[in-house]
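Remarks on the structure that follows.
Numbering (the working numbering), first residue to last: 26 to 392.
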């Protein structure tokens, strides 16, 4: 067996703001679609996350901040007392195993269907531009619906939904929260000029399009303090909805990240390339330059293996590394990586849906 602790400090303790981590290996937020329509976590979810508590930090799967924010069936929520109590079971189980866990706050915006929306209403978005693709409902996959543009006077209500969700996450015992401003969901839709054609103070200029992400982040900080709030960004990923990047990625994020620096966040979490598929980026875009603008701890994410993580850590390009799919089938991933042990690769059919099978039944390794 190899001892990889001699090659890197990825296995050593660190801290993100006020959150103390046992190591620099992060469990990325991975949607697993194992919830009923009420979005309430239960003992099964508590077991799943507790099994993976040796991660330095668990970022729990994307969690809907409100009923209107849902874009997929079988995903969890954090807007009701019942959901909050369900998540308390999860955080208690993780903490009992010595782990740390934050909640990712999610509003899908346009990537939804009337089948999933309260009273069959249209999804909301910065502008009435339909996404591509289909989404999962209780009736199977259906095409996403054309959204309606949010009225300017509705936006304070959206910010308040983030605030309520953040407050509920605190009641549920999380160690912090992550603002999901990535993957072409609502906040990212406001950032990109491909999805934002507004003419009010939330559209047009880069400063205006960055406004909602910054206002939401500040609102969440009101609840948590800056040192327990992180943010996820994905400058070039097309999904969800096959969404084009902004026409000026370097300018947009070259403005947003220095603004985020003023907030002294616990961390920034980047999707480096296209989510779960490729690390390639369009010509003229320098992801390392953008991530290097951030002055706090930086989590690299997307198709990493241990060797790439060790190399990029040695180059000081990352402070921590997030693994998603590898945590599905390797609950003890940190120890396997530490020892150079064999990794189990989960079949794709185990990713989503079902119950305990392919979820909590993965064995630990033979070291």
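All residues carry an ideal CB built from backbone N, CA and C; glycine is no exception.
- Residue 75 carries a helical assignment under DSSP once its states are collapsed to helix, strand and coil.
- By the criterion of at least three beta-carbon pairs nearer than 8 Å, the stretch 101-119 is in contact with the stretch 54-66.
- Of all alpha-carbon atoms in 144, 222, 166 and 190, the one lying nearest the alpha-carbon of residue 175 is that of 222.
- Listed in chain order, the alpha helix (DSSP H) elements of length 4 or more contained wholly in the stretch 201-262 are 211-216, 231-234 and 236-249.
- When secondary structure is reduced to three states using DSSP, residue 168 falls in the strand class.
- For residue 293, the beta-bridge partners assigned by DSSP are 256 and 323.
- Take residue 276, set aside five residues on each side of it, and the residues of its chain with a beta-carbon closer than 8 Å to its own are 231, in chain order.
- Only residues of its own chain outside the window of five on either side were considered, and among them none has a CB closer than 6 Å to the CB of residue 37.
- Taking every protein chain shown into account, the CB of residue 246 has 16 or more other CB atoms within 10 angstroms, so this residue is buried.
- The alpha-carbon of residue 169 is positioned some 9 Å away from that of residue 148.
- Contact holds between the stretch 89-98 and the stretch 135-143, because three or more Cβ pairs, one in each stretch, are under 8 Å apart.
- The beta carbon of residue 188 sits closer than 8 Å to those of 244, 245, 247 and 248, all from its chain and outside the five residues before and after it, given in chain order.
- Residue state for residue 348 is assigned as strand, using DSSP reduced to three classes.
- Here residue 82 has 46, 51 and 125 as same chain residues with Cβ atoms under 6 Å from its own Cβ, once five neighbours each way along the sequence are excluded.
- In this structure, residue 118 lies away from residue 80, with their beta-carbon atoms at least 7 Å apart.
- Taking a contact to require three or more Cβ pairs closer than 8 Å, the stretch 190-197 and the stretch 142-158 do not qualify as touching.
- Counting every other CB atom within 10 Å of its CB across the protein chains shown gives residue 76 a total of 16 or more, marking it as buried.
- Residue burial annotation: residue 164 is exposed, with fewer than 16 other C-beta atoms found within 10 angstroms of its C-beta.
- With fewer than 16 other Cβ atoms from the protein chains shown falling within 10 Å of its own Cβ, residue 391 counts as exposed.
- Note on geometry: alpha-carbon atoms of residue 289 and residue 240 lie some 14 Å from one another.
- Taking a C-beta distance under 7 Å as the contact criterion, residue 201 and residue 127 qualify as a contact pair.
- About 24 Å separates the Cβ atoms of residue 255 and residue 59, ruling out a contact at the 8 Å cut-off.
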